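To start, the structure itself, in structure tokens.
Protein chains: 2
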Amino acid sequence: MASLGELERAVMDLLWAGHEAATANTLRDMLATSTEAKGDAAGHEGKELAVTTVLTVLSRLEKKGLVERERGTRPHRYQAVSSREEHTAELMHEVLGSAPDRAAVLAQFIGSVTESEAETLRKLLGHV
Amino acid sequence: MASLGELERAVMDLLWAGHEAATANTLRDMLATSTEAKGDAAGHEGKELAVTTVLTVLSRLEKKGLVERERGTRPHRYQAVSSREEHTAELMHEVLGSAPDRAAVLAQFIGSVTESEAETLRKLLGHV
DNA sequence: TCAACTTTTCTACGATCCGTAGAACAATGA
DNA sequence: TCATTGTTCTACGGATCGTAGAAAAGTTGA
Chain A
-1 MASLGELERA VMDLLWAGHE AATANTLRDM LATSTEAKGD AAGHEGKELA
49 VTTVLTVLSR LEKKGLVERE RGTRPHRYQA VSSREEHTAE LMHEVLGSAP
99 DRAAVLAQFI GSVTESEAET LRKLLGHV
Chain B
-1 MASLGELERA VMDLLWAGHE AATANTLRDM LATSTEAKGD AAGHEGKELA
49 VTTVLTVLSR LEKKGLVERE RGTRPHRYQA VSSREEHTAE LMHEVLGSAP
99 DRAAVLAQFI GSVTESEAET LRKLLGHV
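As structure tokens, this is what we get:
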């Protein structure tokens, strides 16, 4: 109930990266130039999208609770409801929460974490 | 690229729970009775599905790499490729992996973990 | 070997989601 | 008030999923 499409994700990435509230037009331009000019790998973006397209995805993202907009200003300004980190962590909890044996999942999870991440975790858990 | 539909999930739950390889017929019966007779909350299951329906989802799950089948025996027998825990942990890694700042996500994640889970994690990380 | 039955594969349809955008409507500025 | 800019409505095509019939393939008792 919170999976994103490719364009939706691209928009969230911009909102998360930028980040102050942005208008649909700004986002359209950003989408047109982002990841472009790299000439390298699969140039995902670089398409000149119609503004209505951007507005549609923004509405959908709003409905999903990922984005909120200021309706006061005229060109509405959109921003992410939570940071990418919060959102991602929340997703992780969602995934974890759907399991009957959380401890076992955590064990499995920790088992395949890089050493540096393990170190990060140890610090975060600050075992006294 | 690994999100499951409602029925697909129900089938995986059975394969993960039961858990020896099962035939499509067995699964159909299990789906019909599982979560039924509870008369309580939303009785999700309890539908008598057509066997072909079950076979279809099993094929799709196979294509997704979540299920494998023994083609030798005649009623093919299906089983989960990995345990629910492995799968869930993998999903968590997938979610985490898509973030630029993994450490920040982990911090956020740890921040909202229950104390008992924090304890579990400390043990798993075996300080020192 | 053949008919009857079981199992699997093929094909398909409706619902929902997502990318995409035109048409229509609303606000704003001159 | 009119032209411009921004927003909402409506819609369509592709993909995924629940659902299952039709057809093909395999199995088995006689």
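Note that the protein sequences, when read in sequence, are chains A and B.
Just so we're aligned: 95 in my numbering is position 97 of the first sequence, and the numbers increase by one with no gaps anywhere.
Just so we're aligned: 122 in my numbering is position 124 of the second sequence, and the numbers increase by one with no gaps anywhere.
Here a beta-carbon is modelled for each residue, glycine too, at the ideal position from N, C-alpha and C.
Keep in mind the model is a prediction, meaning the values are calculated, not measured.
C-alpha gap between residue i and residue j, whole angstroms
i        : j        : result
B:Ala48  : B:Val93  : 35 angstroms
A:Tyr76  : B:Asp99  : 23 angstroms
B:Lys121 : A:Ala19  : 42 angstroms
B:Gly124 : B:Glu88  : 21 angstroms
B:Ser110 : A:Ser114 : 21 angstroms
A:Asp11  : A:Thr118 : 25 angstroms
B:Arg180 : A:Asn23  : Since the displayed chain B opens at -1 and closes at 126, residue 180 of chain B lies outside it and no answer follows.
A:Met90  : B:Lys45  : 32 angstroms
B:Leu13  : B:Ser32  : 13 angstroms
A:Met28  : A:Leu53  : 14 angstroms
B:Arg192 : A:Ala102 : Residue coverage of chain B in this structure runs from -1 to 126, which leaves residue 192 of chain B outside it and unanswerable.
A:Gly70  : A:Ala78  : 17 angstroms
A:Ala30  : B:Leu25  : 49 angstroms
A:Ile108 : A:Ala116 : 7 angstroms
A:Ala105 : B:Val9   : 24 angstroms
A:Thr112 : B:Ser81  : 22 angstroms
A:Gly95  : B:Glu4   : 17 angstroms
A:Leu2   : B:Leu2   : 14 angstroms
B:Val65  : A:Val65  : 36 angstroms
Three-state class that DSSP yields for residue i in the structure shown
i        : result
A:Glu115 : helix
B:Val55  : helix
B:Gly41  : For B:Gly41, the predicted model reports a pLDDT of 44, less than 50, meaning its position is unreliable and no value from the coordinates is stated.
B:Ala19  : coil
A:Glu46  : coil
B:Val65  : strand
B:Arg75  : strand
A:Leu89  : helix
B:Gly109 : helix
A:Asp11  : helix
B:Leu122 : helix
A:Leu104 : helix
A:Ala35  : The predicted model places A:Ala35 with a pLDDT of 48, which falls under 50 and marks its position as unreliable; any figure quoted below should be read in that light. DSSP places A:Ala35 in coil when its eight states are reduced to three.
A:Asp99  : coil
A:Leu2   : coil
Cutoff 7 angstroms; reference residue i; Cβ partners in own chain excluding five residues on either side
i       : result
A:Glu6  : Val55, Arg58, Leu59
B:Gly63 : Val79
Same chain, Cβ closer than 8 angstroms to residue i, five either side skipped, listed in chain order
i       : result
B:Lys61 : none
B:His17 : Gln77, Ala78
A:His74 : Thr21, Ala22, Arg67, Glu68
Buried versus exposed, by CB contacts within 10 Å (16 or more), residue i
i       : result
B:Ala0  : exposed
A:Glu83 : buried
B:Ala15 : exposed
B:His85 : buried
B:Thr50 : exposed
B:Thr21 : buried
Other residues of its chain near residue i: CB distance less than 6 angstroms, five sequence neighbours each side excluded
i        : result
B:Ala148 : Residue 148 of chain B falls outside the range modelled here, since chain B spans only -1 to 126, and no answer is possible.
Proximity test, residue i beta-carbon vs the ligand GTP heavy atom, cut-off 7 angstroms
i       : result
A:Ala20 : The ligand GTP is absent from the structure shown, which contains no ligands of any kind.
Of the residues that make up the stretch 99 to 125 of chain A, which ones have a beta carbon closer than 7 angstroms to any beta carbon in chain B?
-> Asp99, Arg100, Ala101, Ala102, Val103, Leu104, Ala105, Gln106, Phe107, Ile108, Ser110, Glu115, Ala116, Thr118, Leu119, Arg120, Leu122, Leu123, His125
Got a sec: which bits of the stretch 61 to 85 of chain B sit with their beta carbon under 7 angstroms from any beta carbon on chain A, in order along the chain?
-> Arg82, Glu83, Glu84
Members of the stretch 4 to 30 of chain A that neighbour chain B once the beta carbon cut-off is set at 7 angstroms = none
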